[in-house]
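Residue numbering for the sequence shown follows the working numbering, beginning at 28 and increasing consecutively. Backbone N, C-alpha and C define an ideal beta-carbon position, used for all residues, glycine too. Working notes, structure below.
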Amino acid sequence: MEKHGFAQCLHDCKGPEMKDPAIEIHDLTMAYREKPVLWDIDLSIPKGSLCSVIGPNGAGKSTLLGCILGTYKPANGWIKIFDVPRDQSQELIGFVPQRESVDWDFPIQVLDVVMMGTYRSLGWFRWPGKAQRDWAMQCLDAVGMADFKSRQIGELSGGQQQRVFIARALAQDTKIILMDEPFAGVDAATEVTIREILIDLKKAQKTVVIVHHDLQTVEDFFDHVLLLNLRLVAAGPTATTFTRENLLRTYGGKLTLLDEAAEAVRRIRSGRSTGKRG
Ligand SMILES: Nc1ncnc2c1ncn2[C@@H]1O[C@H](COP(=O)(O)OP(=O)(O)OP(=O)(O)O)[C@@H](O)[C@H]1O
Ligand SMILES: [Mg+2]
């Protein structure tokens, strides 16, 4: 990206000061073995938003979620969760990992996976009891997987596994939930279920940050968007940030993705930017 463009971009990204953000990131640089993969990230995510993280493969999207979760320690900069520094924050953050990062052969039953979501609220030396079990069953029911409670996780389809991991995040009952590509490889029915869950989470004023690859559905699902390609290209409300110019900056040079971007922009231009899916 040429220099003026990036400087302009940073200016655009910062925008007006956001009141009461759920997540605030300043000057963040993250490196794996001294090789930076995220540079100079400055952004805020509004409380109660459904926020999408978009960018090509290797753009640093999962890494960004890892920094917010506290799994990775940035080389520079800071993250605040509800105005408290990440490393001092006791705030729990729910997480649905990217499918490829999970060992699906691990011998564990569906209900036990979801019960894991309740452990941190229990504290040391306490075993989950009936209340936790009932709550885990409610969360499984919410994703339409209650009938599968005794199945081994490795015996489920990809979409079913995804639902179980979403149930585990719901069981954590946190104010912030991060999901890494929850829609990847799921069928239409699972997509509808996940979307309904997102609507419920929004109603419950949770802040949900989702890595998302399908540019066609960004406008329909999300009210806030982060465009990332090692640096932050743009961040803000979907209506003003999910633009042709920003998409081209994010995916620049990759023809197939550009086609996808162009198609998404055509949809915006054809007046379907009302937040409803036709
Ligand atoms: N544990 C690691 N050690 C070293 N490098 C890593 C590690 N994890 C990721 N990377 C590198 O960091 C960069 C960003 O990776 P990341 O997984 O965050 O990208 P992503 O945007 O989530 O990509 P994808 O869309 O493929 O999931 C990539 O170049 C990747 O190879
Ligand atoms: Mg990833």
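Quick one: grab the DSSP three-state call for residue i.
i    : result
T234 : strand
P258 : At residue 258 the sequence reads Arg, which differs from the Pro that was named. The answer is strand: DSSP assigns R258 an E or B state.
K100 : coil
D110 : coil
W162 : helix
A211 : coil
Q179 : strand
L119 : coil
If you follow the alpha helix (DSSP H) that residue i is in, where does it begin and where does it stop?
i    : result
M172 : That residue, M172, is in no alpha helix (DSSP H); it is neither H nor E in DSSP.
F248 : V245 to F248
D139 : V137 to M143
Which residues in the same chain have their Cβ closer than 6 Å to the Cβ of residue i, if we skip the five residues on either side of it in sequence?
i    : result
G302 : With a pLDDT of 42 at G302, under the threshold of 50, the modelled position of this residue cannot be trusted, and the question is left open.
Excluding sequence positions up to five away, which residues of its chain have a Cβ less than 7 Å from the Cβ of residue i?
i    : result
L228 : I204 and V235
L70  : C40, I52, L253, L259 and A262
What do you reckon, are the CB atoms on residue i and residue j nearer than 8 Å?
i    : j    : result
V245 : R195 : no
I226 : P209 : no
T329 : P48  : Outside the shown range of the chain, which is 28 to 305, sits residue 329, and nothing can be said about it.
D250 : T265 : yes
L138 : F122 : no
Nearest-angstrom Cα distance between residue i and residue j?
i    : j    : result
A215 : V170 : 14 Å
A173 : Y146 : 20 Å
G212 : G185 : 7 Å
P124 : D161 : 24 Å
Q188 : C94  : 24 Å
I106 : Y278 : 26 Å
Tell me which residue opens and which closes the beta strand (DSSP E) that residue i is part of.
i    : result
L197 : Careful: L197 lies outside any beta strand (DSSP E), inside the alpha helix (DSSP H) at G185 to Q199.
E51  : P48 to Y59
A65  : Looking at the sequence shown, residue 65 is not Ala but Leu. L65 -> beta strand (DSSP E) spans K62 to P73.
L77  : L77 to I81
Can you name, in chain order, every residue of its own chain whose Cβ lies under 8 Å from the Cβ of residue i, other than the five neighbours on each side?
i   : result
W66 : T56, L257 and R258
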